[in-house]
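I have placed the structure first, in the form of structure tokens, so that the comments after it can refer back to it.
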Amino acid sequence: MRPLLTAEEMRELDRRTIEEMGVPGIVLMENAGRAVAEVVMEHLEDVESPVVCILAGRGNNGGDGLVVARHLHQKGVEVEVFLFGQREQVQGDARTNLEAALRIGIPITFVTEPASLEAVRLALQRATLAVDALLGTGSQGAPRGLLAEAVQLLNKAAVPVLAVDLPTGIDSDTGAVPGEAVKAKATVTFGCSKVGLHVFPGAAFAGQVKVADIGIPPKVVQTLQPRTFLTTPSLVRALLPSRPRDAHKGTFGHALIVAGSTGMTGAAMLAAQAAARSGSGLVTLAIPEPLNPILETALPEILTAPLPAVEEKGYGFAEEAAEAAAGLLVRKTAVAVGPGLGQREATRRFLLRFLPQVTLPLVLDADGLNLLASQPEVLQSVPGPVIITPHPGELGRWLQRSAAEIQAHRLEAAREAAARWRVVVVLKGAGTIIAHPEGRAFVNPTGNPGMASGGTGDVLTGILAGLLAQGLPPFEAAIAGVYLHGLAGDWAALRCGEASLLAGDLLKHLPEAWQWVESGRAELT
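For the sequence shown, our numbering gives the first residue as 144, with consecutive numbering after it.
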């Protein structure tokens, strides 16, 4: 697994490496700066007479930047450093590298007043590339004063920016952006990646993230027991259920999808097809009875089960359908509830009667979440394990917060909901969060803006139901399902572009996503 560390975890990692393993801190700084310089040289490979402008703080992040400057200078690259602070304010290993840089003749300007910012602006105008070494993982809150001005200058300059460890202004623990933040083209981070580089909104500022090995022993990382991880294809490959050669359809479970109402039969179709595409041996779609003829002819691979309906602005599930739906649980192995249910009061009462009878693994999504937003305690009456899949607006209604608040603190919100209701939370959106009730969380790297369209969430619900039906535990099913869902979207975008992407395209490309994960290939082709 690929851990994502908080600032405190990274400090502990550094401490153990220095104090217990005997690796001097200045060696770690040297390795970090050298690694960044190597990436800078890769970016300058085809550039004649490059100029690199380095903006450095007075702490260890600035010390890393000074090492970068020295290595670039030794390679013949023209370097100019602007250090935000006074010379005597730079201490420890950073001071050692500052004095070394001055001795070998690297031009360093100490920025201590606003008048010096004009020189920074002019230097950025002539630079080929800029390096952000202002603030690292230890900083908290928005940049202030001259540092905030420096961030603005970097963002206004028509020059690519490479961030050292973390773009200035990003909260390394949460990905929150409380004020000005550097918009980097790439970030070189050290030892392990950081939470804030992968959780939005911070992830939008990090660009391409490269993790550099700076000499931290792997066994030190293993003793940390981090709580946040990045989903990787190798992990998903290990989680996917096997397909024995002597299997039959019963081997792979039977998913029940409870979905649909007038005007939203498409949601039911997408969820049911996705469950089948995800390997469930059988899929039954429970649907309001008057809508059954539509779906029975449209979905030849799916069994249908017409349930009592109420006529109220079209057809939806009647309250008395709860007992019939409960009867369908026999010989099923997983249930998904929610896609296209609508907002009828009768359907809300149906859920209140049906859900307490569900002992199987359950996915609750879409209108299932919206109908119960005022009664989240209902989740605690469900006897079986539960995955909920809200987007920020839906989770906001459950937690009585705005969608903007949820989006600004995605990881904390997902963890809070998971712990409060003892469910697995899949907080949808860029960098989907999968949170376990005990506090572990995964950040998903797949997916693209083309998936921000109607029906893609219904496909995810079906994928999760299909994996649960085959016996995957809920947390593992959520990790794998979210990754495959996003990867199918990436394949679809590769084939037809983001703007033209439809939810149905995810179904078409889900087999490619599955095959790619199982093959272990490195790139989409």
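All C-beta atoms in this analysis are idealised placements derived from N, C-alpha and C, irrespective of residue type, glycine included. Here the structure is a predicted model, which means the values were calculated and not measured.
Does DSSP classify residue i as helix, strand or coil?
{"i": "residue 445", "result": "coil"}
{"i": "residue 396", "result": "coil"}
{"i": "residue 371", "result": "strand"}
{"i": "residue 490", "result": "helix"}
{"i": "residue 264", "result": "helix"}
{"i": "residue 252", "result": "strand"}
{"i": "residue 333", "result": "strand"}
{"i": "residue 167", "result": "coil"}
{"i": "residue 454", "result": "strand"}
{"i": "residue 429", "result": "strand"}
{"i": "residue 501", "result": "coil"}
{"i": "residue 479", "result": "strand"}
{"i": "residue 473", "result": "coil"}
{"i": "residue 187", "result": "coil"}
{"i": "residue 484", "result": "coil"}
Please go through the same chain and pick out, in chain order, the residues whose beta-carbon is closer than 6 Å to the beta-carbon of residue i, but skip the five residues on each side of it.
{"i": "residue 630", "result": "589 and 656"}
{"i": "residue 240", "result": "206, 209 and 210"}
{"i": "residue 565", "result": "580"}
{"i": "residue 646", "result": "413, 598, 599 and 602"}
{"i": "residue 478", "result": "399, 501, 503 and 505"}
{"i": "residue 490", "result": "459, 460 and 484"}
{"i": "residue 540", "result": "516"}
{"i": "residue 545", "result": "539"}
{"i": "residue 300", "result": "267"}
Quick one: give me the first and last residue of the alpha helix (DSSP H) that residue i is part of.
{"i": "residue 549", "result": "546-551"}
{"i": "residue 353", "result": "Here residue 353 belongs to no alpha helix (DSSP H); instead the beta strand (DSSP E) covers 351-355."}
{"i": "residue 461", "result": "Here residue 461 belongs to no alpha helix (DSSP H), and DSSP marks it neither H nor E."}
{"i": "residue 627", "result": "617-639"}
{"i": "residue 381", "result": "376-382"}
{"i": "residue 420", "result": "408-420"}
{"i": "residue 257", "result": "Premise fails: residue 257 is in no alpha helix (DSSP H) and is neither H nor E."}
{"i": "residue 365", "result": "361-365"}
State the CB to CB distance for the pair residue i and residue j, rounded to an integer number of angstroms; the pair is presumed to be in contact (CB under 8 Å).
{"i": "residue 419", "j": "residue 444", "result": "5 Å"}
{"i": "residue 324", "j": "residue 348", "result": "5 Å"}
{"i": "residue 644", "j": "residue 632", "result": "7 Å"}
{"i": "residue 606", "j": "residue 628", "result": "5 Å"}
{"i": "residue 501", "j": "residue 472", "result": "7 Å"}
{"i": "residue 263", "j": "residue 296", "result": "6 Å"}
{"i": "residue 485", "j": "residue 459", "result": "5 Å"}
{"i": "residue 660", "j": "residue 376", "result": "5 Å"}
{"i": "residue 250", "j": "residue 224", "result": "7 Å"}
{"i": "residue 426", "j": "residue 446", "result": "7 Å"}
{"i": "residue 145", "j": "residue 336", "result": "7 Å"}
{"i": "residue 397", "j": "residue 620", "result": "Not quite, the Cβ-Cβ distance comes to about 15 Å (not below 8 Å), so this is no contact."}
{"i": "residue 429", "j": "residue 401", "result": "5 Å"}
Where do the N-terminal and C-terminal ends of the beta strand (DSSP E) with residue i fall, by residue?
{"i": "residue 145", "result": "145-148"}
{"i": "residue 642", "result": "Here residue 642 belongs to no beta strand (DSSP E), and DSSP marks it neither H nor E."}
Given residue i, which residues of its chain have a CB within under 7 Å of its CB, disregarding the five upstream and five downstream residues?
{"i": "residue 406", "result": "457"}
{"i": "residue 293", "result": "198, 227, 263 and 277"}
{"i": "residue 583", "result": "370"}
{"i": "residue 173", "result": "210"}
{"i": "residue 317", "result": "338, 339, 342, 552, 554 and 555"}
{"i": "residue 641", "result": "591, 592 and 593"}
{"i": "residue 282", "result": "none"}
{"i": "residue 359", "result": "156, 160 and 334"}
{"i": "residue 298", "result": "325 and 326"}
{"i": "residue 108", "result": "Residue 108 is absent from the model: the chain starts at 144 and stops at 668."}
Below 8 Å CB to CB, which residues in the same chain sit around residue i once its five sequence neighbours on both sides are set aside?
{"i": "residue 155", "result": "367"}
{"i": "residue 159", "result": "363 and 366"}
{"i": "residue 387", "result": "394"}
{"i": "residue 167", "result": "161"}
{"i": "residue 514", "result": "484, 486, 490, 491 and 494"}
List, from N- to C-terminal side, the beta strand (DSSP E) runs of 3 residues or more that fit wholly inside the stretch 190-239.
For the stretch 190-239, the full-length beta strand (DSSP E) segments reaching 3 residues or more read 194-199 and 221-227 along the chain.
Note down, one range per segment and in chain order, each beta strand (DSSP E) of at least 3 residues found wholly within the stretch 561-600.
Counting only runs of 3 or more, we get 567-570, 576-578 and 584-586.
Kindly provide the ranges of any alpha helix (DSSP H) runs that are 4 or more residues long and lie completely inside the stretch 274-354, ordered along the chain.
288-299 and 346-349
In chain order, each alpha helix (DSSP H) run of at least 4 residues that lies wholly inside the stretch 510-547
For the stretch 510-547, whole alpha helix (DSSP H) runs of length 4 or above, ordered along the chain, are 510-514 and 535-542.
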